[in-house]
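Note that UniProt numbering numbers the sequence shown so that position 414 is 414, with each residue one more than the last.
The beta carbon of each residue, even a glycine, is placed where N, CA and C say it ideally should be.
Worksheet: the structure to be examined is printed underneath.
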Amino acid sequence: KEEVDENGDANMEGALIARDKVGVQDFVLLDSHTSEAAFLNNLRKRYQENLIYTYIGSLLVSVNPYQELDIYTVTQMKLYRGVNFFELPPHLYAIADNAYRVMCNEFNNHFILISGESGAGKTEASKKILQYYAVTCPTTEQLQTVRDRLLLSNPVLEAFGNAKTLRNDNSSRFGKYMDIQFDFKGAPVGGHILSYLIEKSRVVHQNHGERNFHIFYQLLEGGDKDLLCWLGLERNPQKYTYLIQGRCAKVFSINDKNDWKIVRKAFSIIDFTEKDIEHLFGIVASVLHLGNIQFEEDSNGHAIIRDGTQIKWISKLLGAHLSILQEALTNRKIEARSEEVLSPLNVDLAFYARDAVAKAIYGRTFTWLVNKINGSLANQDPTQKTVIGLLDIYGFEVLDTNSFEQFCINYCNEKLQQLLIEMTLKAEQEEYELEGIEWEPIPYFNNKIICDLVEQKHKGIISILDEECLRPGEATDLSFLEKLEEKVGDHAHFVTRKLADQKTRKSIDWVDFRLLHYAGEVTYCAVGFLEKNNDLLYRNLKEVLCNSKNSIMRDCFLMSELDNRRRPETVSSVF
Numbered sequence: 001k002e003e004v005d006e007n008g009d010a011n012m013e014g015a016l017i018a019r020d021k022v023g024v025q026d027f028v029l030l031d032s033h034t035s036e037a038a039f040l041n042n043l044r045k046r047y048q049e050n051l052i053y054t055y056i057g058s059l060l061v062s063v064n065p066y067q068e069l070d071i072y073t074v075t076q077m078k079l080y081r082g083v084n085f086f087e088l089p090p091h092l093y094a095i096a097d098n099a100y101r102v103m104c105n106e107f108n109n110h111f112i113l114i115s116g117e118s119g120a121g122k123t124e125a126s127k128k129i130l131q132y133y134a135v136t137c138p139t140t141e142q143l144q145t146v147r148d149r150l151l152l153s154n155p156v157l158e159a160f161g162n163a164k165t166l167r168n169d170n171s172s173r174f175g176k177y178m179d180i181q182f183d184f185k186g187a188p189v190g191g192h193i194l195s196y197l198i199e200k201s202r203v204v205h206q207n208h209g210e211r212n213f214h215i216f217y218q219l220l221e222g223g224d225k226d227l228l229c230w231l232g233l234e235r236n237p238q239k240y241t242y243l244i245q246g247r248c249a250k251v252f253s254i255n256d257k258n259d260w261k262i263v264r265k266a267f268s269i270i271d272f273t274e275k276d277i278e279h280l281f282g283i284v285a286s287v288l289h290l291g292n293i294q295f296e297e298d299s300n301g302h303a304i305i306r307d308g309t310q311i312k313w314i315s316k317l318l319g320a321h322l323s324i325l326q327e328a329l330t331n332r333k334i335e336a337r338s339e340e341v342l343s344p345l346n347v348d349l350a351f352y353a354r355d356a357v358a359k360a361i362y363g364r365t366f367t368w369l370v371n372k373i374n375g376s377l378a379n380q381d382p383t384q385k386t387v388i389g390l391l392d393i394y395g396f397e398v399l400d401t402n403s404f405e406q407f408c409i410n411y412c413n414e415k416l417q418q419l420l421i422e423m424t425l426k427a428e429q430e431e432y433e434l435e436g437i438e439w440e441p442i443p444y445f446n447n448k449i450i451c452d453l454v455e456q457k458h459k460g461i462i463s464i465l466d467e468e469c470l471r472p473g474e475a476t477d478l479s480f481l482e483k484l485e486e487k488v489g490d491h492a493h494f495v496t497r498k499l500a501d502q503k504t505r506k507s508i509d510w511v512d513f514r515l516l517h518y519a520g521e522v523t524y525c526a527v528g529f530l531e532k533n534n535d536l537l538y539r540n541l542k543e544v545l546c547n548s549k550n551s552i553m554r555d556c557f558l559m560s561e562l563d564n565r566r567r568p569e570t571v572s573s574v575f
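What follows is the structure, encoded as structure tokens:
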């Protein structure tokens, strides 16, 4: 193997005498290729030498080093450009370059799938791939703008869609699939982003040790004095109910002030007008003001707002009529005999309505943001294009308390695992059979059985959940749990306290159910499943937002919705 002067690690890997020290760079070459212990030992050896990448044939295994490594320089990028896949040591750039070269040579579309548990480094990997294409692909002065927008869409989406969790200080709380579009010369000419299931519940609640979305802290830390004054905000995040539940507003590894500067710069390059930015931060500030609204009980047991400070700010920033907004937060409009009547809310329902508005505003604004970025990335040239798709989606997640969001996230990862099995192990072995090649069949766990448990029509957990959400009568999280026990109770990958043996029963609460995922057991707390899946917003609150003078709100809440009497699809079905 030729030595590569620019890369000390490559020299070390190239020398056979170093094999014992740094393991093998392709797991296929392991002497005991079926031994899990040998696999992990090889991974550990390499990781201890900061060799975080190892191949399994054309797959790349990556271990998060949780530190900056000097392996992503422009020199490194140029080193991997146009080089045979196995000629240099394993690297993310080799994967990116291989997909790009085959796309250019065969003029077809490619797709890079990044999967792994929460905190494994998926988001960083997708950014590195984007940077590689930005530096190594041919470009012109005109295409430079597209390139900059592709790169700068990331910090904006991370600000509004990422947050600190217990596993990861920059965890993606939404799924993202990005198409990078190339012309016949191989130059990037556009892009398109699909987003999946932003974790709206984080807006109103965070677990201990976690934060809300980055943008709230960036605005308070980095926004100039005049901006904060105009938004009615103070710098101290401790002043805001929606920012203090996790008790870690300040995080050593996150520089909110610096990140704010990057986001502000990105807005100008991605084609946001000053009016867009003004209205966008008006919405972010409104969410913080909403969280600080407190309700008290009047003599009739109805909710009232005694301190009108916060609601006045929301009225100003969203361009909503003050008295109508106040009425909408404390009353529910109900249709009775072809006329609408107002039904006063009690304090608990008023807090529910407040939080529902905050989640709806933030969730739809995030969708608007993605659409706005897509508008700036849209390719104007009608000639045929090829694309490289890049999937960066939330990783498999097991927390102390796992709720509806973890259920959706882990279901998503279950589907990705199934895709990987279908496209590699299953397809490859079927090809061997067709070609009559003699080989030793590789046993593997096909997780289709778990996917079916979750998604099967009329029988799966999602269907049962929807049924409970939509049926007339008093449905509760406990009635949902009972339905699960009745309909999927005999499934080998499902268990509840009632169904468990004596030993397992101790670790499952009465309101929990446990799924045996491909990546391990996860216990889900059923409390909140129905509410989060329904995700309903009272009609009169929707009316307020449809009539907002904030242009983004008007784009997000269309008047036509008020004419549609059909119940909206549930969150899990949409997902």
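- Apart from the 5 residues on each side of it in sequence, Leu-545 sits with its Cβ closer than 6 Å to the Cβ of Met-553, Phe-557 in its chain, given in chain order.
- Ser-551 and Trp-313 have their C-alpha atoms roughly 17 Å apart.
- The residues Arg-514, in chain order, have a CB closer than 6 Å to that of Val-495 in the same chain once the five nearest residues on each side in sequence are set aside.
- A direct Cα-Cα distance of roughly 16 Å separates Thr-73 from Asn-50.
- Fewer than three Cβ pairs drawn from the region 479-494 and the region 427-437 lie within less than 8 Å of each other, which leaves the two stretches out of contact.
- Under the three-state reduction of DSSP, His-517 is assigned to strand.
- Where Ala-336 is concerned, there is no enclosing alpha helix (DSSP H), although the beta strand (DSSP E) around it starts and stops at 331-336.
- A residue is called buried once 16 or more other Cβ atoms fall within 10 Å of its Cβ, and Asp-307, having fewer, is exposed.
- Under the three-state reduction of DSSP output, Tyr-133 falls in the helix class.
- Counting along the chain, Pro-155 sits inside the alpha helix (DSSP H) bounded by residues 141-161.
- Restricting attention to Lys-542, Asp-490, Leu-478, the CA atom closest to the CA of Val-511 is found in Leu-478.
- Taking the Cα positions, Lys-257 is about 5 Å away from Glu-221.
- By the Cβ neighbour-count rule, Gln-502 is exposed, with fewer than 16 other Cβ atoms within 10 Å of its own.
- Counting C-beta atoms within 10 angstroms of its own C-beta, Ser-171 has 16 or more neighbours from the protein chains shown and is therefore classed as buried.
- Taking Gly-528 as reference, the option from Ile-334, Ala-475, Ser-323, Asp-392 with the minimal CA-CA separation is Ala-475.
- Listed in chain order, the non-local C-beta contacts of Ala-94 below 7 Å within the same chain comprise Tyr-80, Phe-85, Leu-88, local neighbours out to five positions each way being set aside.
- Distance from the CA of Ala-99 to the CA of Val-83, rounded to the nearest whole angstrom, comes to 12 Å.
- With a beta-carbon spacing of about 6 Å, Val-251 and Asp-169 fall inside the 8 Å limit used to define contacts.
- CA-CA distance, Thr-424 to Ile-442, rounds to 12 Å.
- For Glu-521 and Thr-504, the gap between their C-alpha atoms comes out near 12 Å.
- Straight across, the Cα-Cα distance linking Lys-45 with Val-263 is about 39 Å.
- Contact check for Ala-159 against Arg-211 fails: the beta carbons are separated by 8 Å or more.
- Contact between Gln-406 and Tyr-524 holds: CB atoms are separated by about 7 Å, below the 8 Å threshold.
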